[in-house]
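S.K.: So in the working numbering, the last one in the sequence shown is 120, and the numbering has no gaps at all. Glycine included, each C-beta is placed from N, C-alpha and C at the ideal position. My questions all concern the structure below.
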Amino acid sequence: MVRKHRGHEQIPKYFAQRINAFYQKTFNAWLKLPRPCLFATAVVSPKGKIVKRYRHEDVKTPLECLAQLYDKNLLQMNPGVTLLALQAQARSQTDLAATQAMQRARGSLFDSFDKAKQRA
Numbered sequence: 001m002v003r004k005h006r007g008h009e010q011i012p013k014y015f016a017q018r019i020n021a022f023y024q025k026t027f028n029a030w031l032k033l034p035r036p037c038l039f040a041t042a043v044v045s046p047k048g049k050i051v052k053r054y055r056h057e058d059v060k061t062p063l064e065c066l067a068q069l070y071d072k073n074l075l076q077m078n079p080g081v082t083l084l085a086l087q088a089q090a091r092s093q094t095d096l097a098a099t100q101a102m103q104r105a106r107g108s109l110f111d112s113f114d115k116a117k118q119r120a
């Protein structure tokens with residue numbers, strides 16, 4: 001997912017700090033909270049093979065999947081992180097607003113790189 005949004009070019013060392021700050025502050029939150037994903041359901045075929053199926057009802061956000069695993073006691077949260085706090089953070093913006101904010105932040109980040117190149 002990171003390569004899809006950033007590309008495959010090598011990052012110059014002097015841009016690395018700004019790119020890292022963007023990923024920590026904006027991109028990771030967008031990636032984990034509001035972005036819908038397809039989760040596979042394992043189905044046994046008539047021949048006995050396990051086949052993964054992606055059904056419409058399996059579309060959910062990573063946070064919804066995390067909440068399901070947490071409810072089944074299949075994972076533990078890091079100290080200081082609660083499921084309620086993550087859900088409140090996810091409800092603070094709609095999916096579309098979060099995506100638009102991430103794209104604006106990414107655009108301004110890359111625009112700042114163009115200005116730095118013009119000065120050099």
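When DSSP builds the beta bridges, which residues end up paired with Lys60?
M.R.: As a first step, residue 60 is located in the sequence shown; it is residue number 60 there, counting from the start. Partner(s): Cys37.
S.K.: Among residues of its own chain, excluding the 5 on either side of Leu83, which ones have a beta-carbon nearer than 7 Å to its beta-carbon?
M.R.: In the sequence shown, residue 83 corresponds to position 83, counting from 1. The answer, listed in chain order, is Ala67, Tyr70, Met77.
S.K.: What residue range does the alpha helix (DSSP H) around Arg53 cover?
M.R.: The sequence position of residue 53 within the sequence shown is 53, counting from 1. Not the alpha helix (DSSP H): Arg53 falls in the beta strand (DSSP E), residues 50 to 53.
S.K.: If contact is defined by three or more beta carbon pairs under 8 Å, each pair taking one atom from either stretch, is the region 20 to 40 in contact with the region 50 to 60?
M.R.: Counting Cβ pairs under 8 Å, three or more are found: they touch.
S.K.: Tell me whether Ala90 is buried or exposed, calling it buried when 16 or more other Cβ atoms sit within 10 Å of its Cβ.
M.R.: Within the sequence shown, residue 90 is the residue found at index 90, counting from 1. The residue is buried, with at least 16 neighbouring Cβ atoms inside 10 Å.
S.K.: State the Cα-Cα distance for the pair Gly80 and Asp95, rounded to the nearest angstrom.
M.R.: Taking the first residue of the sequence shown as position 1, residue 80 is located at position 80. Taking the first residue of the sequence shown as position 1, residue 95 is located at position 95. In a straight line, the C-alpha of Gly80 is about 25 Å away from that of Asp95.
S.K.: Identify the residues that DSSP records as bridge partners of Val44: which are they?
M.R.: For the purposes of this step, residue 44 is taken as residue 44 along the sequence shown, with counting starting at 1. DSSP lists Ile50 as partners of Val44.
S.K.: For Leu75, I'd like the list of residues in its chain whose CB is within less than 8 Å of its CB, leaving aside the five on either flank, ordered along the chain.
M.R.: In the sequence shown, residue 75 corresponds to position 75, counting from 1. Here the set comprises Leu66, Leu69.
S.K.: Counting pairs of beta carbons, one from the region 18 to 30 and one from the region 40 to 50, are three or more of them closer than 8 Å?
M.R.: No, the region 18 to 30 is not in contact with the region 40 to 50.
S.K.: What do you get for Leu29, buried or exposed, if any count of 16 or more other CB atoms within 10 angstroms of its CB means buried?
M.R.: For the purposes of this step, residue 29 is identified with residue 29 of the sequence shown, where counting begins at 1. In the sequence under discussion, the amino acid at residue 29 is Ala, which differs from the Leu named in the question. Label assigned to Ala29: buried.
S.K.: Tell me which residue opens and which closes the alpha helix (DSSP H) that Phe22 is part of.
M.R.: As a working mapping, residue 22 is identified with position 22 in the sequence shown. First-last of the alpha helix (DSSP H) with Phe22: 16 to 22.
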